[in-house]
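First the structure, in the form of structure tokens, and then the observations on it.
Numbering (the numbering used here), first residue to last: 521 to 875.
Structure follows, in structure tokens:
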């Protein structure tokens, strides 16, 4: 296991540098302290250790926590040497501690921004200070931490795993279901036929893992997971021409704050329900995407600026996407007040962080 290997290597280096014996459990605690956590349990509650694209220096407060833990665990005589060893290991392996709920964004290349987080108790929750995305070529520590957190019922960990296992809906399927079915029937395959069968099996397993973790996250109340399942359910139902099911899925997505689902209900599935449609309009405004305002924009069609906002200086082909502003029949004063109240209720239940 990755964390065990890391702890073992750290233990060896600590003992070699200090000529003292370090307990394995103490090494785990000291690694957590290196990131500013007062215990490994505090780290594991909502964070995972990850390999970053670039090494990041610890904050001064983290160093104080590390020194304090070295003394508390009985290594005061070698605290300076041991601390330097631990910091060198962090640099060498480009280690950081990422909040589990931020993992999907970090995997997609987002940089850490300090204003994204407001810790409730600064004594328990250290400040994250790395500006690097997670190293996609070294995710063993990340996966181990997420899987452990998921087993403990952490909804954000399940969602992060679903994000990792998701498949690009626009990519071509790999492998061959035909050759895979023959392989499952016991037919011996070789060469390219075997490669196709195994590729299909890998993608099938990945899809199953994605579906499992997304379902578990949704079951545990993770809003973004519930929203993803609702949107997928709507698209799937439309593909099967089950429009009543599609409507129910869009309703769930709209209640969770998906403005595109609100637009779909207003324009397609619930056109006659004027009062409810005003609820969606007011909710969209609260979410910062007022459906009464046009979202039509021009984009580059192909080329090196494909799908970016159209720039006249660049020229070339373009396309327009978005929607014209919604226009609805006005409501009575009483119904309008009720629609605004309902929109406020929906908005109060929506967690902007997606949890």
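Here a beta-carbon is modelled for each residue, glycine too, at the ideal position from N, C-alpha and C.
Identity of the residue in the options nearest residue i by Cα
i, options, result
"residue 775", "748, 829, 792, 758", "748"
"residue 811", "547, 787, 828, 727", "787"
"residue 548", "538, 559, 758", "559"
"residue 524", "539, 545, 535", "545"
"residue 539", "601, 577, 834", "601"
"residue 888", "827, 855, 744", "Residue coverage of the chain in this structure runs from 521 to 875, which leaves residue 888 outside it and unanswerable."
"residue 807", "586, 782, 711", "782"
"residue 554", "565, 541, 576", "576"
"residue 552", "607, 541, 574", "607"
"residue 594", "574, 564, 541", "541"
"residue 696", "715, 705, 706", "715"
"residue 565", "821, 596, 621", "621"
Cβ separation of residue i and residue j, assumed to be a contact under 8 Å, to the nearest whole Å
i, j, result
"residue 863", "residue 803", "4 Å"
"residue 838", "residue 819", "6 Å"
"residue 801", "residue 848", "7 Å"
"residue 719", "residue 703", "Their Cβ separation, rounded to whole angstroms, is 11 Å, which puts residue 719 and residue 703 out of contact at 8 Å."
"residue 676", "residue 742", "7 Å"
"residue 666", "residue 616", "Not a contact, Cβ separation roughly 15 Å."
"residue 589", "residue 550", "6 Å"
"residue 603", "residue 581", "Not really, about 14 Å apart at Cβ, beyond 8 Å."
"residue 685", "residue 726", "5 Å"
"residue 738", "residue 746", "5 Å"
"residue 859", "residue 799", "5 Å"
Within 8 Å, strictly: CB atoms of residue i and residue j
i, j, result
"residue 567", "residue 619", "yes"
"residue 533", "residue 605", "yes"
"residue 530", "residue 609", "yes"
"residue 815", "residue 843", "yes"
"residue 809", "residue 779", "yes"
"residue 773", "residue 765", "no"
"residue 657", "residue 614", "no"
"residue 829", "residue 817", "yes"
"residue 673", "residue 740", "yes"
"residue 591", "residue 598", "no"
"residue 653", "residue 630", "yes"
"residue 767", "residue 789", "yes"
"residue 664", "residue 562", "no"
"residue 777", "residue 870", "yes"
Cβ-based burial, residue i [other Cβ within 10 Å; buried from 16]
i, result
"residue 853", "exposed"
"residue 671", "exposed"
"residue 770", "buried"
"residue 824", "exposed"
"residue 683", "buried"
"residue 527", "buried"
"residue 784", "buried"
"residue 543", "exposed"
"residue 662", "buried"
"residue 680", "buried"
"residue 638", "In this prediction, residue 638 has a pLDDT of 36, which is less than 50 and means its spatial position is unreliable; nothing more can be read from the coordinates."
"residue 755", "exposed"
"residue 536", "exposed"
"residue 846", "buried"
"residue 878", "This structure does not reach residue 878, given that the chain is present from 521 up to 875, and the question cannot be answered."
"residue 586", "buried"
"residue 751", "buried"
"residue 691", "Only weak support is given to the placement of residue 691: the predicted model assigns it a pLDDT of 49, under 50, and the value that follows is read from those uncertain coordinates. Classification of residue 691: exposed, given that the 10 Å Cβ count is below 16."
"residue 708", "exposed"
"residue 826", "exposed"
"residue 736", "buried"
"residue 861", "exposed"
*alpha helix (DSSP H) runs contained entirely in the region 555-643, provided each spans 4 or more residues*: 560-566, 580-592, 599-613, 623-627
*May I have a chain-ordered list of the alpha helix (DSSP H) segments no shorter than 4 residues that lie completely inside the region 753-833?*
763-775, 779-784, 794-806
*asked:* Please give the ranges of any alpha helix (DSSP H) in the region 660-740, keeping only runs that are unbroken, at least 4 residues long and fully inside the region.
replied: 660-671, 675-685, 697-704, 711-739
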